[in-house]
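For what it's worth, the numbering used here labels the leading residue of the sequence shown as 28, then goes sequentially.
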Amino acid sequence: MYRLCPETDADTPEVEALLDLCFAPGRTALSSYRLRDGVPPVRKLCLLLRSGQKQTDPLLAAIRYWPVRVADRPVLLLGPVAVHPTAQGEGLGGFLMRESLSRAAAMGWERVMLVGDAPYYGRFGFSKLDHVEMPPPTNPDRVLGLELHPGAWVGVRGAVTRETRPEVLAGLAEPGAPDLRSSCADVEVTKDTPHARDKHQLAPSHSAADR
Ligand SMILES: CC(C)(COP(=O)(O)OP(=O)(O)OC[C@H]1O[C@@H](n2cnc3c(N)ncnc32)[C@H](O)[C@@H]1OP(=O)(O)O)[C@@H](O)C(=O)NCCC(=O)NCCS
28 MYRLCPETDA DTPEVEALLD LCFAPGRTAL SSYRLRDGVP PVRKLCLLLR SGQKQTDPLL
88 AAIRYWPVRV ADRPVLLLGP VAVHPTAQGE GLGGFLMRES LSRAAAMGWE RVMLVGDAPY
148 YGRFGFSKLD HVEMPPPTNP DRVLGLELHP GAWVGVRGAV TRETRPEVLA GLAEPGAPDL
208 RSSCADVEVT KDTPHARDKH QLAPSHSAAD R
């Protein structure tokens, strides 16, 4: 059993330490971080897994999301996602991916993108976005997308830009830390078999890479 919670300000130093542990030094120099500068994250989708119910129980995994724009359409930028090295390969990353994407769809988000390894994210339905450009230097083969609503990436092409609309930013800057904390839950996590992966995949049957 694990404890699933939205990330609050109190968790942030631990999440940063986990990201420092899991990624190479200088991770914040990546171009994707420039899209996050000065923009609040989508708090309800930034999730953590701890080994137990107490705030002091070890943090094992975290996932974060930010709003961005492509061709003036709202897009969720997924990442970073990280699992503590001692807990990798146990299904925690897959659980956070599926849980957060399912919540994103329920919130009405239509399209998600990330910069990452296609062999890992392909299992959740992500495929290469051929006409979406991250700020350089980004390997275009690592720019991946997922439709939460059928056809949501069709015709959406161009540069990824920071979300600057005041009404969107105001909606994201929710004070709600106590509310977030009250939405924690105990969860079972089991590692997917390839068969279960196919069954749970959120993606539509067609590939975003074809656009
Ligand atoms: C990548 C990461 C988030 C996956 O989380 P996890 O909890 O270890 O993954 P799961 O247990 O859900 O899934 C494990 C599977 O993913 C595969 N996998 C993990 N990282 C992978 C990668 N970069 N490319 C391809 N496959 C990968 C494992 O080989 C394993 O495959 P299997 O199911 O066939 O045995 C985690 O390993 C991690 O934090 N790594 C370091 C940080 C990082 O690289 N993050 C971004 C990746 S682009």
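Idealized CB from N, CA, C, for every residue including glycine.
{"Query": "Three or more C-beta pairs below 8 Å linking the stretch 155-168 and the stretch 115-123", "Result": "no"}
{"Query": "Proximity of Leu105 and Leu141 at Cβ, strictly below 9 Å", "Result": "yes"}
{"Query": "Option in Val214, Gly53 and Glu34 with minimal Cα separation from Gln82", "Result": "Glu34"}
{"Query": "Proximal residues to Phe50 (C-beta, below 8 Å), its chain only, five neighbours per side dropped", "Result": "Pro107 and Ala109"}
{"Query": "Simplified DSSP state of Pro167, which is helix, strand or coil", "Result": "helix"}
{"Query": "Cβ-based neighbour list, Arg169, same chain, cut-off 8 Å, excluding 5 preceding and 5 following", "Result": "Val142, Gly143, Asp144 and Ala145"}
{"Query": "Nearest-angstrom Cα separation, counted from Pro52 out to Arg189", "Result": "24 Å"}
{"Query": "Closest Cα partner of Val219 within the set Glu194, Ala56, Phe151 and Tyr60", "Result": "According to the sequence provided, residue 219 is Asp. The question's Val does not apply to it. It is Phe151 whose Cα lies nearest to the Cα of Asp219."}
{"Query": "Candidates Glu43, Gly182, Ala114 and Arg91: closest to Tyr29 by CA position", "Result": "Ala114"}
{"Query": "Segment limits, alpha helix (DSSP H) that includes Met124", "Result": "Leu119 to Met134"}
{"Query": "Alpha-carbon to alpha-carbon, Arg91 and Asp213", "Result": "19 Å"}
{"Query": "Sub-9 Å separation of Glu126 and Leu75 beta-carbons", "Result": "no"}
{"Query": "Euclidean distance between Cα positions of Gly116 and Glu194", "Result": "40 Å"}
{"Query": "One or two residues paired with Lys155 in a DSSP bridge", "Result": "Leu171"}
{"Query": "Nearest-residue set for ligand 1, Cβ under 5 Å from any heavy atom", "Result": "Cys49, Val108, Ala109, Val110, Gln115, Gly116, Gly118, Leu119, Gly120, Gly121, Gly143, Asp144, Pro146 and Tyr147"}
{"Query": "Asp36 versus His111: straight-line alpha-carbon distance, rounded", "Result": "20 Å"}
{"Query": "Identity of the residues DSSP links to Tyr29 by a beta bridge", "Result": "Val214"}
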